[in-house]
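Colleague: One structure follows; several queries about it will come next.
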Amino acid sequence: MIKSIKTIAMLALLTIGTTKALAQDISNDNYEQKFKLGIGASVGYPFEDPYKLNVGGDVRLQYDLSKKYSLTATTGFNNLFVTGDNNDLGYIPAKLGFKAFVLKDKFYLMGEAGAAFAVTNDYNDKSLLLSPGIGYATKYIDISVRYEYLPDFPALRNDNPDKGLGQVALRLAYGFKL
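When you line the sequence shown up against mature numbering (1 follows the signal peptide of the UniProt record, and there is no 0), it's residues -23 to -1, 1 to 155, in that order.
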């Protein structure tokens, strides 16, 4: 857990440093900085057994530093389905991220990092959560694909139980300015 806290602290410092480095770009654009809120649903495919499907919802707060760069904070709930009774793993993600629009202010690259907290079926686990992604956003719609890696959640495999959990997820969201 201490390693996770150190990683999150380093990412926060990196984000602050990036914000300062982008200050020149922001002032040159005369861009009005603003907040946006996105409400999304996602479906994912876990790569590790015995997980079969991930379904979740999230809320993302986005602060636009400029027309091309934004900071994000995301939370929600995800449920990893497992065959059998009462084996599902539900968790709450808490992530901070950086989004950079790279093509015509519509396509973007995004990186998020944070923690995931298991909340169902007596899982008392916490995990670091790393999540790079790509997406397409219009004024109201945001479609993205991300990879999530949870190194501290059990993969429940017999051959390598300490491998962690990886998955690919598709997110569809509705966003608006605050």
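Backbone N, C-alpha and C fix where the C-beta goes; we use that ideal spot for every residue, glycine too.
From what residue to what residue does the beta strand (DSSP E) around Tyr124 run?
Modeller: Position 147 of the sequence shown, counted from the start, is the residue given in the question as residue 124. Ile118 to Leu127 is the span of the beta strand (DSSP E), which, as asked, contains Tyr124.
Colleague: Checking the sheet assignment: what are the DSSP bridge partners for residue 156?
Modeller: Missing from the structure shown is residue 156; the chain here goes from -23 to 155 and no further.
Colleague: Tell me the residue span of the beta strand (DSSP E) that contains Gly141.
Modeller: Sequence index remark: in the sequence shown, residue 141 carries index 164 (1-based). Segment: none, Gly141 is in no beta strand (DSSP E) and carries neither H nor E.
Colleague: Taking the beta strand (DSSP E) that Tyr46 belongs to, which residues open and close that run?
Modeller: Position 69 of the sequence shown, counting from 1, holds the residue named residue 46. Unbroken beta strand (DSSP E) run through Tyr46: Tyr46 to Val59.
Colleague: Tell me, to the nearest whole angstrom, how far the beta carbon of Thr53 is from that of Val36; I am working on the premise that it is less than 8 Å.
Modeller: The residue labelled residue 53 in the question sits at position 76 within the sequence shown. The residue labelled residue 36 in the question sits at position 59 within the sequence shown. In the sequence on display, residue 53 carries Gly and not Thr. Sure, about 6 Å apart at Cβ, within 8 Å.
Colleague: Please determine, among Asp82, Ala95, Glu89 and Val122, the residue with the shortest C-alpha to C-alpha distance to Tyr22.
Modeller: Counting from one through the sequence shown, the residue named residue 22 turns up at place 45. Nearest of Asp82, Ala95, Glu89 and Val122 to Tyr22, Cα basis: Val122.
Colleague: For the beta strand (DSSP E) that Phe130 lies in, which residues bound it at each end?
Modeller: As a working note, residue 130 is residue 153 in the sequence shown. Taken as a continuous stretch (DSSP letters only), Phe130 belongs to no beta strand (DSSP E), as it is neither H nor E.
Colleague: Identify, in the order they occur along the chain, each residue of the same chain with its Cβ nearer than 7 Å to the Cβ of Ile16, setting aside the five sequence neighbours on each side.
Modeller: If you number the sequence shown from 1, residue 16 lands on position 39. Excluding residues within five positions, the ones whose Cβ falls inside 7 Å are Val36, Ala150 and Tyr151.
Colleague: Using the rule of at least 16 other Cβ atoms within 10 Å of the residue's Cβ for burial, across every protein chain shown, is Arg148 buried or exposed?
Modeller: Numbered from 1 along the sequence shown, position 171 holds the residue referred to as residue 148. Result: buried.
Colleague: Along the beta strand (DSSP E) that carries Ser104, what are the first and last residues, could you check?
Modeller: By 1-based counting over the sequence shown, the position of residue 104 is 127. First-last of the beta strand (DSSP E) with Ser104: Lys103 to Ala114.
Colleague: Straight-line CA distance for Tyr104 to Ala92?
Modeller: Position 127 of the sequence shown holds residue 104. Position 115 of the sequence shown holds residue 92. Reading off the sequence shown, one finds Ser at residue 104, where the question assumed Tyr. Roughly 6 Å between the two C-alpha positions.
Colleague: Determine the burial state of Lys116: buried for a count of at least 16 other Cβ atoms within 10 Å of its Cβ, exposed for fewer.
Modeller: Translated into positions along the sequence shown, residue 116 becomes position 139. Flag for Lys116 reads exposed.
Colleague: Here's the rule I'm using: 16 or more other beta-carbon atoms within 10 Å means buried, otherwise exposed. How should Leu155 be labelled?
Modeller: Walking along the sequence shown from the start, residue 155 turns up at place 178. Flag for Leu155 reads exposed.
Colleague: Three-state secondary structure (DSSP) at Asp62?
Modeller: As a first step, residue 62 is located in the sequence shown; it is residue number 85 there, counting from the start. Three-state DSSP puts Asp62 in coil, outside helix and strand.
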